[in-house]
Amino acid sequence: MPTSVLLDINGRAVTIEVDDPGMPLLYALRDHLELKGPRFGCGLGQCGTCAVLLNGEPVLSCETPLTKVANKKVVTLEGLGSPEHPSPVQQAFIDEQAAQCGYCLNGMIIQATALLATTKNPTVPQIKKALADNLCRCGTHLRIIRAVQRAARNA
Amino acid sequence: MLDFVSTRRDVLKVGGALVVTFTLAKKACSAVAQSSAQKKTVASDEVDGFLSINADGQVALYSGKVDLGTGLRTALTQIVAEELDVPIDRVRLIQGDTALTPDQGPTWGSFSIEIGGTRIRQAAATARKALAEIAADRLGVPTTELRIESGRVTGRGRSASYAELVGSGTFSLKIDDNAPTKNPSTYAVVGKPVARLDIPEKATGRFSYMHDFHVAGMLHGRVVRPLAIGARLESVDESSVNGVPGLLKVVREGDFLGVVATTEWGAIQAARKLKATWSNWQGLPERARLWEHVRATKINSDLVTSNVGDSAKVLSDAPKRISATYDFAAQTHGSIGPSCAVVEINDGRLTSWSASQATHRLRRQLAAMMDMPLDDIHCLYIEGSGCYGRNGHEDAAGDAALLSRAVGGRPVRVQWMRADEHGWAPKGPPVLVDLRAGVDGEGRVIAWESEFFVPEGGLGPVPLIAATLAGLSTGPIPEPYRFNFPNLMAFNAAIPYTFPNITTAAHLLAETPFRWSWIRSPGRLQNTFANECFVDELAAFLGADPLDFRLGHLDDPRGAELLLRLAALAKWEKRPTPRTGVKGDVVTGRGISYVKYRLSRTYVGAVAEVEVDRRTGEINVQRFFVVHDCGQIINPDGVTNQIEGNIIQTVSRTLKEEVLFDRSAVTSLHWATYPILTFPEVPDVVIELIDRPNEPPWGAGEPAATIVPSAISNAVFDAIGVRLRSVPFTPAKVMAAIEGH
Chain A
4 MPTSVLLDIN
14 GRAVTIEVDD
24 PGMPLLYALR
34 DHLELKGPRF
44 GCGLGQCGTC
54 AVLLNGEPVL
64 SCETPLTKVA
74 NKKVVTLEGL
84 GSPEHPSPVQ
94 QAFIDEQAAQ
104 CGYCLNGMII
114 QATALLATTK
124 NPTVPQIKKA
134 LADNLCRCGT
144 HLRIIRAVQR
154 AARNA
Chain B
356 MLDFVSTRRD
366 VLKVGGALVV
376 TFTLAKKACS
386 AVAQSSAQKK
396 TVASDEVDGF
406 LSINADGQVA
416 LYSGKVDLGT
426 GLRTALTQIV
436 AEELDVPIDR
446 VRLIQGDTAL
456 TPDQGPTWGS
466 FSIEIGGTRI
476 RQAAATARKA
486 LAEIAADRLG
496 VPTTELRIES
506 GRVTGRGRSA
516 SYAELVGSGT
526 FSLKIDDNAP
536 TKNPSTYAVV
546 GKPVARLDIP
556 EKATGRFSYM
566 HDFHVAGMLH
576 GRVVRPLAIG
586 ARLESVDESS
596 VNGVPGLLKV
606 VREGDFLGVV
616 ATTEWGAIQA
626 ARKLKATWSN
636 WQGLPERARL
646 WEHVRATKIN
656 SDLVTSNVGD
666 SAKVLSDAPK
676 RISATYDFAA
686 QTHGSIGPSC
696 AVVEINDGRL
706 TSWSASQATH
716 RLRRQLAAMM
726 DMPLDDIHCL
736 YIEGSGCYGR
746 NGHEDAAGDA
756 ALLSRAVGGR
766 PVRVQWMRAD
776 EHGWAPKGPP
786 VLVDLRAGVD
796 GEGRVIAWES
806 EFFVPEGGLG
816 PVPLIAATLA
826 GLSTGPIPEP
836 YRFNFPNLMA
846 FNAAIPYTFP
856 NITTAAHLLA
866 ETPFRWSWIR
876 SPGRLQNTFA
886 NECFVDELAA
896 FLGADPLDFR
906 LGHLDDPRGA
916 ELLLRLAALA
926 KWEKRPTPRT
936 GVKGDVVTGR
946 GISYVKYRLS
956 RTYVGAVAEV
966 EVDRRTGEIN
976 VQRFFVVHDC
986 GQIINPDGVT
996 NQIEGNIIQT
1006 VSRTLKEEVL
1016 FDRSAVTSLH
1026 WATYPILTFP
1036 EVPDVVIELI
1046 DRPNEPPWGA
1056 GEPAATIVPS
1066 AISNAVFDAI
1076 GVRLRSVPFT
1086 PAKVMAAIEG
1096 H
């Protein structure tokens, strides 16, 4: 039986109908709400590309069931900024040209945003540690590190 | 500036003229109109194949080579903007659409700029010349008095825009190989670090990847692969998925098994729950004896890639001989986003959207598999997750085609799960190399011999999994082009050094354990690993500095210049290797490597600095110095980005990556069993680009990968005097090498 689920996504209250309230948040965001920031990578919580902020904390939406996000605020990459008005972290990634294919960028920017919220001037080892569970296959790591440093400087 | 994807639904016949509009994924936006009375040509010898200018002065660039996440979109846009003298934001790229873009072959081999871009530049030069001639006629001003700026031709106070000159008509011109291209000294856009056009949208979630694409009424499919590679499907228990919400159909065709559902989550759950029995199959070699298996594989033919003097005789008479065997594991592509495709079949016409690096080739494969006329198949490219070779995208399109056909042609999206990608995408084949060298009494290398055990062929289409499993046609697939080389894996088997007697030969094997394909620098990576390590072995054997040794055997001023610049960049200290007098558990070393890609193209030299922990066998690659000469550089930041990616990705392949398997199937099905390099392990990369604006532009997408494994192995030898000859260099292998030393 379809169930209504109330979500708070990027500051907006939305209701979606799902067959299974145990469905991972990722599919609600992508298929029901047509958001493109959170991406499917492994479905196993191993690569980080599906990350979103849940009450400000980075979580992996591929392994977060809808039942665990009730009454919590979900912020996706789209909720941080837009091409016209990018967030400081997004702007830093653009300025550092920190992408090849860019598929992993969602997780990188979400994770970096969370890091900078708690650590104002992270060292390179702190940045590397914060991003240790986020995989990038193209080898854009050095640019991503520089982007996080730039975002910290501009904050 | 954005990437436009046409959909079949937007091709409308209007008043006898074919009007093609483009939609940015789902959202309709302004049109690039093609108002010729005929279908747009995709001929690769016609200007109209590659370029059109519409009534608004927008330039449409139609490229058969596609942006795989490399920045090609930006670089090709720069080339056209430069050659036509229009602002970058007036150029729109349409890529990999079989109805609109020429068949320029797969996007592979670091050829997208070198061949694809050069062709497009010549098309633009032809167009520019034609526009000037039309303007001369129209304005009554000789071409010698005309100048072109920002899409306007001006002279004697009169001027006309491109749009006014060509309107939305066609050029109807063959590409003129003699049409003058601009003098590089006048370049304003090419050679500049123009910012990537796609990054703002990628950083904010607005960019539409293949994985985001959908069409109205789209269903979701998932595949259920055999438990063993060659297993037969014995039975399917459809009652096992009774009650899965949204499930429409279980699709079985031979050994092909999949599900179609109205929701993605429904498809995932059905695929997980579906019970099927498969026959037993144990056709893979025993992993512990892989190299014996490779060595014992039937050789179909030998390909001698270089032959100088009489190496066999000189080697047998040589006073001193050394030999070594190198091996390089099977590896997987490992794109972060698993393969994805959408297919629909409507009125007997099939449309496929995928991130295929070869849509024209995919079209031919789908025609064969579906037994449909080629004209009824339309394949479109949409950028996916980073692509480093022929991964699973084409297979996902094949899967989607069978699933769509099973539900009456309704559009079906197939998203591979992680295990589908790791388990079933084609693999880079395992490669084994034997090397021998002879040294005379005065310490000169007098002979070099090598044998490479590599699979035969590798240039044609990789059979679609769906076709193989369903027992449908996998070909032969006729192709409109021929390659001027016989084998994919034998490049860089020959060496750039001038020893007096050389024989390098590839044994072309009848088979290899896995369905295989090209992954970034196929063959060139494995072969250069063996060659550049063995050169280092020779230098060490002779007590020579590894840089001096290379320079002493290099008859190539451009290569020598690169190595000298590398020495300066890396502050190379001349001495024999390994280091002496080293103490402590954690030891540092440096290693050098050099390549001339395919012995005819891009030059790369690198110095790796590593730290080795003798207690654990762990290698920490601290830094790579790279000097890179790919001739004319289109976008220096793009080249730098590619080099960084090559180095980091190949450090990962060198230290960590190996496909694991049992006798039945691949067992490394996710990132825990097939780990790749993570942030804390990433080296610094220091790059010096050599720009040669007056030389042809060569590729940069692959060459820098080739020198990574050897530079690391040579650095480890420098550090601890132990030679690593088997990729990946896992701590266990390092410890075994230390203990066996």
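As given, the protein sequences belong to chains A and B, one line each in that order. Counting in this note's numbering, the first sequence runs without a single skipped number right up to 158 at its last residue. Counting in this note's numbering, the second sequence runs without a single skipped number right up to 1096 at its last residue. Ideal placement from N, C-alpha and C gives every residue a C-beta, glycine not left out. Everything numeric in this text was worked out from a predicted model, so none of it was measured.
Where Ser1125(B) and Leu602(B) are concerned, what is the direct C-alpha to C-alpha distance, given to the nearest angstrom? Residue 1125(B) is absent from the structure shown; chain B starts at 356 and stops at 1096.
Backbone CA spacing between Thr376(B) and Leu455(B) [nearest angstrom]: In the second sequence, residue 376(B) corresponds to position 21, counting from 1. In the second sequence, residue 455(B) corresponds to position 100, counting from 1. A caution first: Thr376(B) carries a pLDDT of 34, below 50, which makes its placement in the model unreliable, though a value can still be read off. As the crow flies, the alpha-carbon of Thr376(B) is around 11 Å from that of Leu455(B).
What number of angstroms, rounded off, separates the C-alpha of Ala392(B) from the C-alpha of Gln997(B)? Counted from its first residue, the second sequence places residue 392(B) at position 37. Counted from its first residue, the second sequence places residue 997(B) at position 642. Low local confidence applies: a pLDDT of 40 at Ala392(B) is under 50, so the model's placement there is unreliable, and no value is given.
Would a check of beta-carbon distances place Val1082(B) closer than 8 Å to chain A? Against the second sequence, residue 1082(B) aligns to sequence position 727. No, Val1082(B) lies away from the interface with chain A (no Cβ there is under 8 Å from its Cβ).
Along chain A, in chain order, which residues have C-beta atoms closer than 8 Å to that of Asn996(B)? In the second sequence, counting from the first residue as 1, residue 996(B) sits at position 641. Near Asn996(B) (Cβ distances below 8 Å), the residues of chain A are Gln100, Gln103, Thr143 and Arg146.
Residue closest to Ala430(B), alpha-carbon to alpha-carbon, out of Asp553(B), Glu593(B) and Thr883(B): Position 75 of the second sequence holds residue 430(B). Relative to Ala430(B), the option among Asp553(B), Glu593(B) and Thr883(B) whose CA is nearest is Asp553(B).
By a C-beta neighbour count over all protein chains shown, 10 Å radius and 16 as the cutoff for buried, is Ser678(B) buried or exposed? Counting from one through the second sequence, the residue named residue 678(B) turns up at place 323. By the 10 Å Cβ count, Ser678(B) comes out exposed.
With DSSP as the reference, please indicate the residues paired to Val591(B) in a beta bridge. To locate residue 591(B), count along the second sequence from 1; it is residue 236. When DSSP reads this structure, Val591(B) sits in a beta bridge with Ala631(B).
Name, please, each residue of chain A whose Cβ falls closer than 9 Å to the Cβ of Tyr564(B). Locating residue 564(B) in the second sequence gives position 209, where the first residue counts as 1. Residues of chain A passing the Cβ test: Lys39, Arg42, Cys104, Gly105 and Tyr106.
Over what stretch of residues does the alpha helix (DSSP H) that includes Gln987(B) continue unbroken? Reading the second sequence from its first residue, position 632 is the one you call residue 987(B). Unbroken run through Gln987(B): none, as it is neither H nor E.
Just checking Trp463(B) against the ligand SAH - is the residue's beta carbon closer than 7 Å to any of the ligand's heavy atoms? The model on display carries no ligand, and the ligand SAH is accordingly not part of it.
Using DSSP with H/G/I as helix, E/B as strand and the rest coil, what is Pro1035(B)? Counting from one through the second sequence, the residue named residue 1035(B) turns up at place 680. DSSP places Pro1035(B) in helix when its eight states are reduced to three.
I need the straight-line Cα distance from Gly25(A) to Leu758(B), nearest angstrom please. Here residue 25(A) refers to the residue found at position 22 when the first sequence is read from its first residue. Here residue 758(B) refers to the residue found at position 403 when the second sequence is read from its first residue. So the alpha carbons of these two residues sit roughly 27 Å apart.
Is Gly739(B) near His566(B), with beta carbons less than 8 Å apart? The residue you call residue 739(B) lines up with position 384 of the second sequence. The residue you call residue 566(B) lines up with position 211 of the second sequence. Yes. Within cutoff.
Would you mind telling me which residues of chain B sit closer than 8 Å to Ser85(A), beta carbon to beta carbon, in chain order? Taking the first residue of the first sequence as position 1, residue 85(A) is located at position 82. Thr559 and Arg561, listed in chain order.
Three CB pairs or more closer than 8 Å across the stretch 881 to 901 of chain B and the stretch 1068 to 1075 of chain B: Counting Cβ pairs under 8 Å, three or more are found: they touch.
Burial state of Met4(A) (16 or more Cβ within 10 Å): On the first sequence, position 1 is the one that residue 4(A) refers to. Per the 10 Å Cβ criterion, exposed.
Could you tell me which residues DSSP puts in a beta bridge with Asn662(B)? To locate residue 662(B), count along the second sequence from 1; it is residue 307. Within the DSSP secondary-structure output, Asn662(B) pairs in a beta bridge with Thr858(B).
DSSP on Val1071(B), reduced to helix/strand/coil? Taking the first residue of the second sequence as 1, we reach residue 1071(B) at position 716. In the structure shown, Val1071(B) sits in a helix (DSSP, three-state: H, G or I).
Determine, for Cys53(A), whether the minimum Cβ-Cβ distance to residues of chain E falls below 8 Å. No chain E appears in this structure, whose protein chains are A and B.
Same chain only: Cβ atoms within 6 Å of Lys76(A), ignoring 5 sequence neighbours per side: What you label residue 76(A) is simply residue 73 of the first sequence in a count that begins at 1. Here Lys76(A) has Asp11 and Asn58 as same chain residues with Cβ atoms under 6 Å from its own Cβ, once five neighbours each way along the sequence are excluded.
For the 8 Å Cβ check, are there 3 or more pairs between the stretch 538 to 553 of chain B and the stretch 582 to 599 of chain B? No, the stretch 538 to 553 of chain B does not touch the stretch 582 to 599 of chain B.
Please tell me whether Ile443(B) has its Cβ less than 8 Å away from any Cβ of chain A. As a first step, residue 443(B) must be located in the second sequence, where it is residue number 88. With respect to chain A, the C-beta atom of Ile443(B) has no partner C-beta closer than 8 Å.
Between Gln93(A) and chain B, is any beta-carbon pair separated by less than 8 Å? Residue mapping note: residue 93(A) aligns to position 90 of the first sequence, counting from 1. At least one chain B Cβ lies under 8 Å of Gln93(A).
Thinking C-beta only, is Ser505(B) closer than 8 Å to Pro442(B)? Position 87 of the second sequence holds residue 442(B). Position 150 of the second sequence holds residue 505(B). In this structure, Ser505(B) lies closer than 8 Å to Pro442(B) by Cβ.
Beta-carbon proximity list for Arg870(B), same chain, < 6 Å, skipping 5 on both sides: Here the question's residue 870(B) lines up with position 515 in the second sequence. Correct list, in chain order: Pro781.
Within 10 Å of its beta-carbon, does Leu36(A) have 16 or more other beta-carbons around it, so buried, or fewer, so exposed? Along the first sequence, one-based indexing puts residue 36(A) at 33. Buried, by the Cβ-count rule.
Given this structure, state the Cα-to-Cα distance separating Ile806(B) from Ala860(B), to the nearest angstrom. Position 451 of the second sequence, counting from 1, holds the residue named residue 806(B). Position 505 of the second sequence, counting from 1, holds the residue named residue 860(B). At residue 806(B) the sequence reads Glu, which differs from the Ile that was named. Between Glu806(B) and Ala860(B), the C-alpha separation is close to 5 Å.
For Ala643(B) and Leu1015(B), what's the separation of their Cα atoms in angstroms? As a working note, residue 643(B) is residue 288 in the second sequence. As a working note, residue 1015(B) is residue 660 in the second sequence. For Ala643(B) and Leu1015(B), the distance between alpha carbons rounds to 10 Å.
Beta-carbon proximity of Gly703(B) to Asp730(B), cut-off 8 Å: If you number the second sequence from 1, residue 703(B) lands on position 348. If you number the second sequence from 1, residue 730(B) lands on position 375. No; because the gap between Cβ atoms is not below 8 Å, this pair is not in contact.
Among the residues of its own chain, which have a CB less than 8 Å from the CB of Arg953(B), if the five just before and after it don't count? If you number the second sequence from 1, residue 953(B) lands on position 598. The answer, listed in chain order, is Phe846, Asn847 and Arg879.
Please report how far the alpha carbon of Asn655(B) lies from the alpha carbon of Leu787(B), in whole angstroms. In the second sequence, residue 655(B) corresponds to position 300, counting from 1. In the second sequence, residue 787(B) corresponds to position 432, counting from 1. Using only the alpha carbons, I get a separation of about 16 Å.
Helix, strand or coil at His733(B) [DSSP, three-state]: Working through the second sequence from its first residue, we reach residue 733(B) at position 378. Strand at His733(B).
Endpoints, the beta strand (DSSP E) within which Asp682(B) is located: As a working mapping, residue 682(B) is identified with position 327 in the second sequence. Note, Asp682(B): beta strand (DSSP E), Lys675 to Phe683.
For Glu749(B), does the count of other Cβ atoms within 10 angstroms reach 16, so buried, or fall short, so exposed? Numbered from 1 along the second sequence, position 394 holds the residue referred to as residue 749(B). Buried is the call here.
In the stretch 583 to 609 of chain B, which residues sit with their C-beta less than 8 Å from some C-beta in chain A, listed in chain order? Against chain A - using a Cβ distance shorter than 8 Å - the residues of the stretch 583 to 609 of chain B are Pro600 and Gly601.
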